[in-house]
Amino acid sequence: MLFGNPDKTRVQLSPDGSKISYLAPANGVLNVWVGPAVTPEAARPVTNDTERGIRFYGWAYTNAHIIYFQDKGGDEQWQVYSVDLSNGETRNLTPFEGISASIGAMSHKYPDEIVVAINNRNVSFHDIYRVNIKTGNMTLIQENNEFLGYYVDNDYNVRFAVKMTPDGGKEIFVPAGNGSWISFMKIGMEDERTTNILGFDRTGEVMYMADSRDRDTAALYALNLKTGEKTLLAEDPKSDLNWVWTYEIIGLYVPQILVHPTNKNVQAAAFNYERVHWQVIDPAIAHDLEYLEKVADGDFHIISRTLDDSAWIVDYSVDNGPKRYYYYNRNKSEARFLFTGFSRLDGRPLARMNPVVIESRDGLNLVSYCTLPLNSDSNNDGIPDKPLPMVLFVHGGPWIRDDWGYSSDHQWLANRGYAVLSVNFRGSTGFGKNFTNAGNLEWGRKMQDDLIDAVDWAVSKGIANPDKVAIMGGSYSGYATLAGMTFTPETFACGVDICGISNLTDWIESFPPYWGSVIDLMAIRVGDVRTEEGRKMLAERSPINYVDMIQRPLLIAQGANDARARQSESDKVVQAMQTKNHPVTYVLYPDEGHGFARPENRLSFYAVAEAFLSQHLGGRFEPVGDDFLGSSIMVPMGSEEIPGLEVAMSENRRGNTTQTPSP
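Position 338 (the sequence shown) corresponds to 343 in our numbering; numbering is contiguous.
See the structure below:
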């Protein structure tokens, strides 16, 4: 129920407003569905992915094409595709092997063309092309031999280029003709995460920026490129301009601002300390936002707008239920409910997520979120009637943040009887550059101290039983899990590491070639693999070198195709734990990458994880049953450590001749 595919997600209107689209399962796999905007229930699938599902897509301005991108088995070698809705034909717009492509720009001025960045000529750098979505014809805009990327305006002109600097900062360049470039702006390392070009207005003469220079939090500015005049548009003293995972295909992480579809002026901006709040910039939409605040409970987001701006799609996020989607008719100032993202959760008794601010040992404010099981807090003061077993659920990145809202992980764990705590430790983004930069060179040290401080806080408040605390997470938080089990071995009763990093030196040296420009930045934020002193420090912060310190059981899960935290990161920990005779269970998915996209794989992993947690924390769990059906799950090591796992794996292997690999 919690870990299957959503009924509908990433809802969008076509630019002319005649059609609606969303991702929904087709034969159990997420695909793009399209139907009339007036009757969304008439939508039908227009793509036919049969493996891990489509995650990112968008409308072309033709109103007759869907653009999406997809990799293979989670290998992050992205290809860009176009679907012609008139005949159902799908065209690969980037038909090159071993590349990673991305969408650079889409403009209503050129409905038949998009801008695509491709590293097919030089694997280390992405050239940019205009690509015809109907024919696949490609025209080179800019050959790239030095830059991290480019900023393109609404006329597909290259306006700026950016490269990383040796001090971990960024430098912005403007083309000077004849292939040369002139420095336009320098951004120091301390502002690298919080200062970015966001786009241009219709004239191309005004550039919008998130900027933290000469201040702490990133504010929204407009910069007149002719006069040099810089105007502050919106700010918050406690939080940066908010960034969110995108609903569209241009980039994956975008600023939460409202931009007029054709004038391209920024109309509102969102900030997020504990909860999201909007600041209006353009009075023309003030009444719209005022109205939408009253339509439904929760934090709302405008996720799609028609080209004439007459209709919007708005979603509302709450902590104890699925997202609710509305069609907003601006001409009538009327919002019509469409559907929820997970209808199977409608009306279910779900737990609430409480924002709390925890003070670290050195005085930082850690915005955190705590979820308690239903009926465990009789007076609703955020403290359970008695201390509970607790899971410290750490966010990945680490340069992202935890947010308030519905979390399937929090709901699952709370349902099994656990308190759940998620912490925005130093290094997290969204709370000003000083907070983010406080995490520099603190992997396994002060960043980890913040997590321990949060556990101590939960114990002192009577939320957590100190003998029954687990640490769990994926990617960076997989690293944090391993660090917790090695550097503070008596704090946690057990750990669950998903795609975690165990050897920081090997991890940085395994970056794909097109990540090469961030090595200078990683030297400032994590450690320098190019110096003896830096390698020594990275070794000191790498859990692989402290496996003999582990005292408690560990569950490790890994995707075999992971391009970010490679399988070898997990293999080495398992091998070392075998040598030390420490209990470890290793779950491996041959068809997954950095995280588990297939719902069958997610379900099988959580079935294993809850049995593991139950054994060491005492919460409830459901026997595996048919939770492994359709999953590629392998258990190379430690199936005997978890109740029912050996039997479940034996039944799952019947009729399957695939050999289980050894780590």
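For glycine and all other residues, C-beta sits at the position ideal for the given N, C-alpha and C.
Practice item. Leaving out five residues on either side along the sequence, give the residues of the same chain with a beta carbon under 8 Å from the beta carbon of E514. Key: What you label residue 514 is simply residue 509 of the sequence shown in a count that begins at 1. For E514, where only same-chain residues beyond five positions count, the Cβ hits under 8 Å are V534.
**Study point:** Rounded C-alpha distance that separates Y252 from S107
**Key:** For the purposes of this step, residue 252 is identified with residue 247 of the sequence shown, where counting begins at 1. For the purposes of this step, residue 107 is identified with residue 102 of the sequence shown, where counting begins at 1. Its pLDDT being 48, under 50, Y252 is placed unreliably by the model, and nothing is read from it.
Exercise for review: Would you list, in sequence order, the uninterrupted beta strand (DSSP E) runs of no fewer than 3 residues that lie entirely inside the region 45-127?
Suggested key: For the beta strand (DSSP E) assignment, the uninterrupted runs of no fewer than 3 residues enclosed by the region 45-127 are, from N- to C-terminal side, 61-64, 70-75, 84-89, 95-97, 107-111, 118-127.
Check your understanding: Are the region 200-212 and the region 544-558 in contact at 8 Å, needing three or more beta carbon pairs?
Key -> No: the two stretches stay apart, fewer than three of their Cβ pairs being nearer than 8 Å.
Practice item. Indicate the three-state DSSP secondary structure (helix, strand or coil) for P548 in the structure shown. Key: As a first step, residue 548 must be located in the sequence shown, where it is residue number 543. P548 carries a helical assignment under DSSP once its states are collapsed to helix, strand and coil.
Check your understanding: For A612, which of V362, G649, G326, Y73 has the nearest alpha-carbon?
Key -> Along the sequence shown, one-based indexing puts residue 612 at 607. The candidate whose alpha carbon is nearest that of A612 is G649.
Point to revise | CB-CB length for A224 against L237, believed under 8 Å | key: Taking the sequence shown and counting its residues from 1, one reaches residue 224 at position 219. Taking the sequence shown and counting its residues from 1, one reaches residue 237 at position 232. Here A224 really is in contact with L237; their C-beta atoms are around 6 Å apart, less than 8 Å.
Practice item. With a floor of 3 residues, list each beta strand (DSSP E) that falls wholly inside the region 567-632, ordered by position along the chain. Key: Complete beta strand (DSSP E) runs here, min 3: 589-594.
Point to revise | Minimum C-alpha distance to Y66 - residue among V43, Q17, N92, D12 | key: Position 61 of the sequence shown, counted from the start, is the residue given in the question as residue 66. By alpha-carbon distance to Y66, the top candidate from V43, Q17, N92, D12 is Q17.
Review point. Thinking C-beta only, is G346 closer than 7 Å to P11?
Key: To locate residue 11, count along the sequence shown from 1; it is residue 6. To locate residue 346, count along the sequence shown from 1; it is residue 341. With a cutoff of 7 Å on beta-carbon distance, P11 and G346 are scored as near each other.
Review point. Is T441 helix, strand or coil by DSSP?
Key: Counted from its first residue, the sequence shown places residue 441 at position 436. Helix, per DSSP.
Review point. Given a threshold of 16 other Cβ atoms within 10 Å of its Cβ, counted over all protein chains shown, does F305 qualify as buried or as exposed?
Key: As a working note, residue 305 is residue 300 in the sequence shown. Looking at its Cβ environment, which holds 16 or more other Cβ atoms inside 10 Å, F305 is buried.
Point to revise | Coil, strand or helix - V39 by DSSP | key: To locate residue 39, count along the sequence shown from 1; it is residue 34. Correct three-state label for V39: strand.
Exercise for review: In angstroms with no decimal places, state the Cα-to-Cα distance between S465 and R625.
Suggested key: The residue labelled residue 465 in the question sits at position 460 within the sequence shown. The residue labelled residue 625 in the question sits at position 620 within the sequence shown. One C-alpha to the other measures close to 25 Å.
Exercise for review: Please state if the CB of G78 and the CB of D2 are separated by a distance shorter than 7 Å.
Suggested key: The question about residue 2 has no answer here: the residues shown for the chain are numbered 6 through 668.
Exercise for review: Can you give me the Cβ contacts of A47 inside the same chain, cut-off strictly under 8 Å, excluding the 5 residues immediately before and after it?
Suggested key: Reading the sequence shown from its first residue, position 42 is the one you call residue 47. For A47, where only same-chain residues beyond five positions count, the Cβ hits under 8 Å are G40, P41.
Review point. In angstroms, rounded to a whole number, what distance separates the CA positions of S667 and E545?
Key: Position 662 of the sequence shown holds residue 667. Position 540 of the sequence shown holds residue 545. The pLDDT assigned to S667 is 40, lower than 50, so where the model puts this residue is not dependable, and the model offers no usable value.
Review point. Quick one, which of L418, A419, S373, G444 has its alpha-carbon nearest P691's?
Key: Shown here, the chain extends from 6 to 668; a query on residue 691 therefore has no answer.
Point to revise | Limits of the unbroken alpha helix (DSSP H) element including K451 | key: Along the sequence shown, read from residue 1 onward, the residue named residue 451 stands at position 446. 451-465 is the extent of the alpha helix (DSSP H) around K451.
**Study point:** Endpoints, the beta strand (DSSP E) within which F189 is located
**Key:** As a first step, residue 189 is located in the sequence shown; it is residue number 184 there, counting from the start. Note, F189: beta strand (DSSP E), 185-192.
Exercise for review: Taking the CB atoms as reference points, tell me whether G173 and L509 lie closer together than 7 Å.
Suggested key: Numbered from 1 along the sequence shown, position 168 holds the residue referred to as residue 173. Numbered from 1 along the sequence shown, position 504 holds the residue referred to as residue 509. Result no, Cβ atoms of G173 and L509 do not sit closer than 7 Å.
**Study point:** Anticipated Cβ contact below 8 Å, H599 with D567, distance rounded
**Key:** In the sequence shown, residue 599 corresponds to position 594, counting from 1. In the sequence shown, residue 567 corresponds to position 562, counting from 1. Between D567 and H599 the Cβ distance is about 5 Å, and since that is below 8 Å, they are a contact.
Review point. CA-CA distance, P50 and P260?
Key: What you label residue 50 is simply residue 45 of the sequence shown in a count that begins at 1. What you label residue 260 is simply residue 255 of the sequence shown in a count that begins at 1. Going from the Cα of P50 to the Cα of P260 covers about 30 Å.
Check your understanding: Nearest to I177 by alpha carbon, out of R164, N183, S112?
Key -> On the sequence shown, residue 177 is found 172 positions in, with the first residue counted as 1. By alpha-carbon distance to I177, the top candidate from R164, N183, S112 is R164.
Review point. When DSSP builds the beta bridges, which residues end up paired with K473?
Key: Taking the first residue of the sequence shown as position 1, residue 473 is located at position 468. Under the DSSP definition of a beta bridge, K473 lacks any partner.
Practice item. State buried or exposed for T140, treating a residue as buried only when at least 16 other CB atoms are found within 10 Å of its CB. Key: Your numbering for residue 140 matches position 135 in the sequence shown. With fewer than 16 neighbouring CB atoms inside 10 Å of its own CB, T140 falls in the exposed class.
Point to revise | Whether L355 touches Q416 by CB criterion (7 Å) | key: Along the sequence shown, read from residue 1 onward, the residue named residue 355 stands at position 350. Along the sequence shown, read from residue 1 onward, the residue named residue 416 stands at position 411. Contact: yes.
Check your understanding: On the premise that I71 lies in contact with V43, defined as a C-beta separation below 8 Å, what is that separation, rounded to the nearest angstrom?
Key -> Numbered from 1 along the sequence shown, position 38 holds the residue referred to as residue 43. Numbered from 1 along the sequence shown, position 66 holds the residue referred to as residue 71. About 19 Å; that fails the 8 Å criterion.
Review point. My guess is that I549 and V578 are in contact by the Cβ rule of under 8 Å, so how many angstroms apart are they, rounded?
Key: Start at 1 with the first residue of the sequence shown, and residue 549 comes out as number 544. Start at 1 with the first residue of the sequence shown, and residue 578 comes out as number 573. Contact holds; Cβ gap of about 6 Å.
Point to revise | CA nearest to the CA of S217, picked from V128, S412, A239, G209 | key: Numbered from its first residue, the sequence shown carries residue 217 at position 212. Checked all of V128, S412, A239, G209; the closest Cα to S217 is A239.
Point to revise | Simplified DSSP state of H415, which is helix, strand or coil | key: Here residue 415 refers to the residue found at position 410 of the sequence shown. Note: H415 maps to helix in three-state DSSP.
Exercise for review: Taking all protein chains shown into account, decide if R569 is buried (16 or more other Cβ within 10 angstroms of its Cβ) or exposed.
Suggested key: Within the sequence shown, the letter at position 564 stands for residue 569. Around the beta carbon of R569, 16 or more other beta carbons lie within 10 angstroms, which makes this residue buried.
Review point. What's the C-alpha gap between E210 and I119?
Key: Taking the first residue of the sequence shown as 1, we reach residue 210 at position 205. Taking the first residue of the sequence shown as 1, we reach residue 119 at position 114. Going from the Cα of E210 to the Cα of I119 covers about 22 Å.
Check your understanding: Where does Y27 fall in DSSP's three states?
Key -> On the sequence shown, residue 27 is found 22 positions in, with the first residue counted as 1. Look at Y27 here: in three-state DSSP terms it is strand.
Exercise for review: State buried or exposed for S185, treating a residue as buried only when at least 16 other CB atoms are found within 10 Å of its CB.
Suggested key: Taking the sequence shown and counting its residues from 1, the one referred to as residue 185 is at position 180. Classification of S185: exposed, given that the 10 Å Cβ count is below 16.
**Study point:** Which listed residue (G479, R353, W248, Q583) has its alpha carbon closest to that of N420
**Key:** Translated into positions along the sequence shown, residue 420 becomes position 415. Comparing Cα-Cα distances from N420 to each of G479, R353, W248, Q583, the minimum goes to R353.
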